[in-house]
Amino acid sequence: PSSNGVLCGLYLAKSSIPNAGLGIFSARDIPEGSQVGNPDILLPIYDQKDQGMTGSFSSHLWAGGPYGMGYESVNTEALGPGLVCSVNTHQERNTAFKRVDYDSNGLHRSKNPGVGAFTMYHNVRMEATRPIWAGMELFLEYSISIENDTVIGDNYYDEEMRQKYLDRAERVSSGFADIMNEQSSADSQHALEKAWALIRDEIVVEPLREYLPESMSKLVDHNPEEARLQSLSHSLEWLQANGQCMDNLYAAPSTIEEAGRGAYATRFLAKGTVIAPAPLQPVYNRDELIIVYKAVEDDKPEVLYRPLPKNQLFLNYCFGHNQSSLLLCPYGANVGLINHDGKAPNAKIVWSSNKNFQESYLNKTIEELKEAGLKTVLFFDVVATRDIQAGEEVFIDYGQEWQDAWEDHVREWTPPNDSLDYVLPHDFNTTQDVIKTKEEQIIDPYPEYLKTACFFDHF
């Protein structure tokens, strides 16, 4: 247990930001520069930008270049199905992603049929960019998001607007405190308390509300800036009662060779424990995950999109049914790394106990599900089916259909041509100190799968 007696380090709970849905809260004090939560994975999304992706994940795509994905396709974007998708943004942003590792976990395309089935981008670490106190929500900087005409991105909390709200809060607080001090009778005080609640909860705009105390009695010696910071937090008791633990899993090489990495228990998890919440983001049409590329033909002025006979890697991290176009894709810390064991799984997925789970949507059509917009309404829980020890890998049963498909793949798989001497481009960059000239490449060319490129800074 931590020094404050709270075992769980991160909680998923209702965000402190209006209209932002769920957020991630720390249950411990985290010094600046320290790691936040357990490292996670990133998924490359290939050439999807021009075609678009429906569902909430479309608002969680990052430029792939900064994560080393820039040359995997014409336009590669990064999707983080863990904390990247879970953490909101705010002027008080207090976290940043500092590092991404890249490797195949020892598998090689000349001998392992599992290569290509999992992401090579892993060990994504989040660090505190300022001190974070126990109970505070985590915030990450990302682009503006607008829902229901309410801006919940950076412009919502830019520095100029923040100062305006702070000044207004000070005027409102001090002015109402003066009125309160002029009224001495109990009836007057009671009426003022009701008036304050009405003004704060129904009249004051949401960003300004952060700076104002809930009770009129707290107006004396009120500090609007302190109140705003406190409004971004929940008590540990509240988090334990209303949140779900988000750091019960950590990533490490799986005990299943072809699976790449797996999810392991951070601590002892008793039978029946919710190991991890898994909010579900829908992809309404699985055909959106077929990789496409731009094709320009001489006799046609328009840009055409040609499908490749391959799916986005993202498909391997979603749940679906072979008779439905709908995919349900979980996000949560290392949930996507839970591997399959059809004989002796130690966990299962069930519809969630999360208070935000809206069971009525289970009976809705895909078109009706779209009406929820970016709001998360469906959730799984990953539940322990027996006691799980700290450091033990967590497994669920994917189902017999998945097992049969995997066995068919292994049986039919053959290594790609010329794969025996294949070296990952990333490894090639780290081992080759000298770039060959054009003349040298005529005599001793690079492998056909490698391309050279120049990087330069411009001002």
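Each residue of the sequence shown is one higher than the last, beginning at 1256 in the working numbering. Built from N, CA and C at the ideal position, the CB exists for glycine as well.
Residue environment, residue i, which counts as buried when at least 16 other CB atoms sit within 10 Å
i     : result
Y1326 : exposed
T1692 : exposed
C1340 : buried
S1398 : Note that S1398 has pLDDT 44, beneath the 50 cutoff, so the model's placement of it is unreliable and the number below is only indicative. Label assigned to S1398: exposed.
Q1536 : buried
G1654 : exposed
S1735 : No answer is possible for residue 1735: the residues shown for the chain start at 1256 and end at 1714.
C1709 : exposed
H1345 : buried
A1533 : buried
P1217 : No answer is possible for residue 1217: it lies beyond the span of the chain, which begins at 1256 and ends at 1714.
N1609 : buried
Q1687 : exposed
G1646 : exposed
S1607 : buried
P1585 : buried
D1673 : exposed
Limits of the beta strand (DSSP E) - the one that residue i falls within
i     : result
N1378 : Y1376 to A1383
F1280 : L1277 to S1281
L1487 : Where L1487 is concerned, there is no enclosing beta strand (DSSP E), given that its DSSP letter is neither H nor E.
D1295 : Q1290 to Y1301
P1585 : L1582 to P1585
F1634 : L1633 to A1639
L1262 : Run containing L1262: none; DSSP gives neither H nor E here.
L1705 : No beta strand (DSSP E) contains L1705, which DSSP labels as neither H nor E.
Three-way DSSP call (helix, strand, coil) for residue i in this model
i     : result
D1409 : Legend: pLDDT at D1409 = 39, less than 50; position of this residue unreliable, no value from coordinates given.
M1435 : helix
G1320 : helix
K1449 : helix
W1388 : coil
E1347 : coil
L1393 : coil
Y1572 : helix
I1545 : strand
E1492 : helix
A1588 : coil
I1643 : strand
A1441 : helix
R1426 : helix
I1207 : Limits of the chain in this structure are 1256 at one end and 1714 at the other, which puts residue 1207 out of reach.
L1675 : coil
First through last residue of the alpha helix (DSSP H) which encompasses residue i
i     : result
S1341 : L1338 to S1341
V1665 : Q1655 to E1667
K1269 : Not the alpha helix (DSSP H): K1269 falls in the beta strand (DSSP E), residues L1265 to K1269.
K1693 : K1693 to I1698
T1686 : P1680 to T1686
Contacts around residue i, its chain only, beta-carbon distance under 6 Å, and the 5 residues preceding and following it disregarded
i     : result
Y1505 : N1293, Y1519 and T1521
E1648 : T1510, G1517 and Y1519
M1435 : L1447
F1574 : L1583
A1639 : L1524, K1526, T1528, I1530 and A1602
S1258 : Residue placement at S1258 is poorly supported in this model, since its pLDDT is 36, which falls under 50; the coordinates are not used for a value here.
A1599 : none
Chain-order list of residues whose beta-carbon lies under 7 Å from that of residue i (same chain, five-residue window excluded)
i     : result
S1349 : It is worth fixing the name first, because residue 1349 is Asn in this sequence and not Ser. Within the same chain, N1349 has close Cβ partners A1383, T1384, R1385, I1387, L1393 and F1394.
F1683 : L1705
Y1322 : L1297, A1333, V1355 and Y1376
N1589 : N1293, D1295, G1337, L1504, Y1505, A1506 and A1518
P1671 : R1364
G1288 : E1382 and A1383
P1368 : E1513, H1664, V1665 and W1668
D1502 : C1263, G1264, L1265, G1292, N1293, T1521 and A1588
C-beta neighbour in chain D for residue i, strict 7 Å
i     : result
E1614 : Among the chains of the structure shown, chain D does not appear; only one protein chain is present.
Sheet register partners of residue i (DSSP bridge)
i     : result
A1525 : Bridge partners of A1525: none, in fact.
G1628 : In DSSP, G1628 forms no bridge with anything.
N1594 : F1650
T1620 : Answer is none; T1620 lacks a bridge partner.
R1516 : P1508
Q1567 : The partner list for Q1567 (beta bridge, DSSP) is empty, contrary to what the question assumes.
E1332 : I1300 and A1318
V1605 : D1636
R1354 : R1380
A1372 : Answer is none; A1372 lacks a bridge partner.
I1534 : Note that residue 1534 is Pro in the sequence shown here, rather than Ile. F1634, per the DSSP bridge assignment.
Contacting residues, own chain, Cβ-Cβ under 8 Å from residue i (five flanking each side not counted)
i     : result
N1571 : A1372 and F1373
D1699 : K1691
D1422 : none
I1545 : P1562, L1563, K1565, N1566 and Q1567
T1331 : P1299, I1300, Y1301, D1302, G1319, G1320, M1324 and G1325
F1634 : P1532, A1533, P1534, L1535, W1606, S1607, N1609, N1611 and F1612
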